[in-house]
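Numbering (full-length UniProt numbering), first residue to last: 1 to 284. Data first, discussion second: the structure below is written as structure tokens.
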Ligand code: NAD
């Protein structure tokens with residue numbers, strides 16, 4: 001199947017990156033979110049990201065923001081997805097929200113359309129259970145920022161067919177990405193480890209063992225990581241971190257995944273990291 005038009009649902013941190021990456025690799029994109037305000041912000045961010053990319057990263061892609069944006073249709077109407085062959089879902093990491101989105105997608109999109117869930121921790125088999133096309137559901141866990149990251153984690157749900165995996169691999173190759181295929185489990189490989197690490201780093205801060213800067217410096221200076229766990233948390237979004245660790249806690253029923261109360265407090269206070277301007281660090 002040669003996929004030309006891709007639906008992208010959710011225009012937050014990840015949906016913006018996925019839509020931009022697809023449009024920059026020649027795909028037509030329909031980007032859906034719940035309000036015009038959010039979509040206007042998404043358009044503005046894509047424009048800035050492309051400028052930033054060409055300025056700082058000497059990208060080979062010489063297309064202007066306008067010509068990339070021409071390939072993206074911004075919409076609040078799910079009906080515009082009725083002719084798509086492939087949809088990448090990037091809505092808030094809450095099962096109640098995702099379940100409703102999959103019900104809706106299942107009722108609107110063609111029967112052979114593949115749905116790729118870009119989730120941090122929710123099992124793909126559970127997502128598939130919200131549809132009547134379990135064999136066409138696959139997990140694609142993109143990394144942030146999407147256009148800059150060459151690799152993704154792909155997740156095979158219980159019913160995911162080989163054909164669905166092949167279709168997903170093909171579109172990822174078109175986007176310039178390699179994938180590592182893993183079996184389904186809450187948090188998959190990456191976030192079962194990463195969310196626990198970030199949560200523990202927040203406990204260290206709460207216990208006043210070290211400052212945020214020093215926690216991050218230890219990971220960068222001693223282990224050679226490019227970013228420390230708290231900087232990474234700010235990049236991902238503290239709300240997404242909290243929702244993800246809650247998914248792990250509910251799914252494994254294991255107290256090691258209990259979210260740190262400082263993390264909960266920061267989310268309640270609106271300190272969501274880079275996207276809100278403040279998290280463990282302050283952003284302009
Ligand atoms: P975000 O909070 O930045 O964006 C979520 C978007 O979903 C918002 O724009 C919201 O308006 C939209 N949304 C909510 N309900 C909707 C609906 N019914 N229909 C359409 N849109 C709706 O979150 P994010 O960081 O972009 O994360 C999105 C998904 O990607 C989550 O499942 C998250 O776990 C996963 N993820 C996040 C990261 C990361 O680094 N942030 C990395 C990999 C995967």
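C-beta: ideal position from N, C-alpha, C; glycine also. The structure presented is a predicted model; accordingly, all values stated were derived computationally and were not measured.
Hey, residue 137 and residue 115 are a contact pair by Cβ (cut 8 Å); roughly how many whole angstroms apart? Here residue 137 is taken as the residue at index 137 of the chain shown, counted from 1. Here residue 115 is taken as the residue at index 115 of the chain shown, counted from 1. With a Cβ gap of about 5 Å, residue 137 and residue 115 count as contacting.
If you compare alpha carbons, which of 18, 281 and 12 is closest to residue 142? Looking up residue 142 in the chain shown gives position 142. Answer by Cα proximity: 18.
Which whole-angstrom value describes the C-beta separation of residue 245 and residue 195, a residue pair presumed to lie in contact below a C-beta threshold of 8 Å? As a working note, residue 245 is residue 245 in the chain shown. As a working note, residue 195 is residue 195 in the chain shown. With 8 Å as the limit, residue 245 and residue 195 qualify as a contact, their Cβ atoms being about 5 Å apart.
Please classify residue 271: does DSSP put it in a helix, a strand, or coil? The residue labelled residue 271 in the question sits at position 271 within the chain shown. It is coil, neither helix nor strand.
Report the start-end ranges of each beta strand (DSSP E) in the stretch 87-128 that is 3 residues or longer and not cut off at the edges. 114-117
Indicate the three-state DSSP secondary structure (helix, strand or coil) for residue 74 in the structure shown. On the chain shown, residue 74 is found 74 positions in, with the first residue counted as 1. Correct three-state label for residue 74: strand.
Below 8 Å on the Cβ atoms is my guess for residue 147 versus residue 24; work out the distance and round it to an integer in Å. Taking the first residue of the chain shown as 1, we reach residue 147 at position 147. Taking the first residue of the chain shown as 1, we reach residue 24 at position 24. Rounded, the Cβ-Cβ distance is 7 Å, consistent with contact.
What residue range does the alpha helix (DSSP H) around residue 246 cover? For this step, residue 246 is matched to residue 246 along the chain shown. From DSSP, the alpha helix (DSSP H) with residue 246 extends over 238-252.
Is there at least one non-hydrogen atom of the ligand NAD closer than 6 Å to the beta-carbon of residue 10? Indexing the chain shown from 1 puts residue 10 at position 10. Residue 10 Cβ: within cutoff of the ligand NAD.
DSSP-derived helix/strand/coil call for residue 133: Taking the first residue of the chain shown as 1, we reach residue 133 at position 133. Secondary structure at residue 133: coil, using DSSP grouped into helix, strand and coil.
Short of 8 Å in beta carbon distance, which residues of its chain neighbour residue 172, apart from the five on each side in sequence? Order them along the chain. Position 172 of the chain shown, counted from the first residue, corresponds to residue 172. Within the same chain, 140, 152, 154, 178 and 179 come within 8 Å of residue 172 by CB-CB distance, once the 5 residues on both sides are set aside.
Could you tell me which of 3, 149, 123 and 150 sits nearest to residue 160, measuring between CA atoms? Residue 160 sits at position 160 when you count from the first residue of the chain shown. Here the closest residue by C-alpha is 123.
Could you check the C-alpha separation between residue 217 and residue 77 for me, to the nearest Å? For the purposes of this step, residue 217 is taken as residue 217 along the chain shown, with counting starting at 1. For the purposes of this step, residue 77 is taken as residue 77 along the chain shown, with counting starting at 1. Taking the straight line from one Cα to the other gives about 45 Å.
Per the DSSP calculation, residue 183 is bridged to which residue(s)? Within the chain shown, numbered from 1, the residue matching residue 183 stands at position 183. Answer is 156.
Are the beta-carbon atoms of residue 119 and residue 5 separated by less than 7 Å? Counting from 1 along the chain shown, the entry for residue 119 is found at position 119. Counting from 1 along the chain shown, the entry for residue 5 is found at position 5. No, the pair does not count as a contact, with Cβ atoms beyond the cut-off.
Between which two residues does the beta strand (DSSP E) harbouring residue 28 extend? The residue you call residue 28 lines up with position 28 of the chain shown. Note, residue 28: beta strand (DSSP E), 28-32.
Contact the stretch 254-263 vs the stretch 205-215: 3+ CB pairs below 8 Å: yes
Can the beta-carbon of residue 88 be found closer than 7 Å to that of residue 32? Along the chain shown, one-based indexing puts residue 88 at 88. Along the chain shown, one-based indexing puts residue 32 at 32. For residue 88 and residue 32, no; Cβs fall outside 7 Å.
Let me check you understand the geometry: is the CB of residue 176 closer than 6 Å to at least one non-hydrogen atom of the ligand GTP? Although the ligand GTP was asked about, the structure shown includes only the ligand NAD as ligands.
Quick check on the burial criterion: 16 or more other C-beta atoms within 10 angstroms. Buried or exposed for residue 133? Taking the first residue of the chain shown as 1, we reach residue 133 at position 133. The residue is buried, with at least 16 neighbouring Cβ atoms inside 10 Å.
Distance check for residue 130 and residue 94, CA to CA, integer angstroms please. For the purposes of this step, residue 94 is identified with residue 94 of the chain shown, where counting begins at 1. For the purposes of this step, residue 130 is identified with residue 130 of the chain shown, where counting begins at 1. Approximately 14 Å between the Cα atoms of the pair.
For residue 55, count the other beta carbons within 10 Å of its own beta carbon; 16 or more makes it buried, fewer makes it exposed. Which is it? Taking the first residue of the chain shown as position 1, residue 55 is located at position 55. Flag for residue 55 reads exposed.
So is residue 249 buried or exposed if we call it buried at 16+ other beta carbons inside 10 Å? Position 249 of the chain shown, counted from the start, is the residue given in the question as residue 249. Of the residues assessed, residue 249 falls on the buried side of the cut-off, its CB having 16 or more other CB atoms within 10 angstroms.
Beta carbon of residue 14: closer than 6 Å to some heavy atom of the ligand NAD? For the purposes of this step, residue 14 is taken as the residue at position 14 of the chain shown. Yes, the ligand NAD has a heavy atom inside 6 Å of this Cβ.
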